[in-house]
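Colleague: Everything in the sequence shown is counted per my numbering, starting at 823 for the first residue and increasing by one. The structure under discussion is supplied below as structure tokens; questions concerning it will follow.
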Amino acid sequence: MQFKKRTFTLLDKLFLSVFILNILNYFLFEKTLISLRVIFFFFLFGMVFYWLIRKNDLLRNVGKLESIFYSIILTGSYLTFIFLGLNYMFCSSETEVSTYKVKCKINKIWLPEEGMTPKVVKAEFENGFHKRIGLSEGIRIQNVHPDSLNVYLSLGLFGIPVIKKVEFDHSHS
């Protein structure tokens, strides 16, 4: 039995690269105080981008609906990576420490033991903005449920704050 050799087109390679980019985007998103609406607009721009390149040879061999899908996913993923990556890489070296209240504590273990320290908390930032923050091993070792956290923020290239470090706020215990 002989298998047919499959050749990968440029579109196939780009779409496969999206998987790696979205893993990186997840980690950059975790370190950035950005609304999901901004990222949604990057993906929405993919529809506009489709109209610009719809006659291009890159999308010639695929159907119209598939072309729109590719355009949305590719454009959104690459724009998100570029935006979050540049914002993170070129953030200010100055950090500002702010204390934020913990809204809820989330334990990622299926069957949590009584009194177990949460691994993830949801912090409330300015203007009612909420963000999931993973707690470091150092905070979890203290076996204390944090009510507030000291978050070290640096201003990113595009003015979006970047989380540099998170510490347990001992003054509110």
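Every residue gets a Cβ at the ideal spot worked out from N, C-alpha and C, and that includes glycine.
(1) Please determine, among K987, D969, G898, the residue with the shortest C-alpha to C-alpha distance to E918.
(2) Taking Y922 as the reference, give the member of V973, V860, G898, L957 with the closest Cα.
(3) Can you tell me where the beta strand (DSSP E) with V943 in it begins and where it stops?
(4) Let me know the secondary structure DSSP gives N972 once reduced to three states.
(5) Which residue comes first and which comes last in the alpha helix (DSSP H) that contains V840?
(6) What's the call for L971, buried or exposed, on a 16-neighbour Cβ count within 10 Å?
(7) In the DSSP assignment, the beta strand (DSSP E) including F990 goes from what residue to what residue?
Modeller: To lay it out plainly:
(1) K987
(2) V973
(3) 942-946
(4) strand
(5) 832-852
(6) buried
(7) 983-990
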